[in-house]
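Numbering (the working numbering), first residue to last: 944 to 1067.
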């Protein structure tokens, strides 16, 4: 009974007052971007160690993951999605190479021809 009243109150509050669905404090946004970019630089170094074009293969992986439809996949697919999926944020329009690679309209193979491997088949 208590949960129902609380839920109903919360719904009425959101209807009456325009609240943001998901507020992200600017400092958290910057920290998230910075840590993800640090991870991406380490993955680039991994690709270079595997004798591949590190930057191009990383951008191609981001591009390929952005084109995968939402839904559950295998364990490896979900891990790749967690690492390489970039969700644009409306409040922060700053765009770099990684954000541009996440465009769903790109043909990943044409955009990054120096990386001959696909994330889903033989990237690693």
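Yeah, the Cβ is synthetic: ideal placement off N, Cα and C, and Gly gets one too.
Among 1018, 1017, 1010, nearest to residue 1029 - alpha-carbon criterion: 1010
Under the three-state DSSP convention, the category residue 994 falls into: coil
Test item: CB-CB of residue 999 and residue 1058 under 8 Å: Their beta carbons are under 8 Å apart, which means residue 999 touches residue 1058 by this criterion.
Residue 1007, buried or exposed, once every other Cβ within 10 Å from all chains shown has been counted against 16: buried
Where residue 1005 falls, given that 16 or more other Cβ within 10 Å makes a residue buried: In this structure residue 1005 is buried. Its beta-carbon is surrounded by 16 or more other beta-carbon atoms within 10 angstroms.
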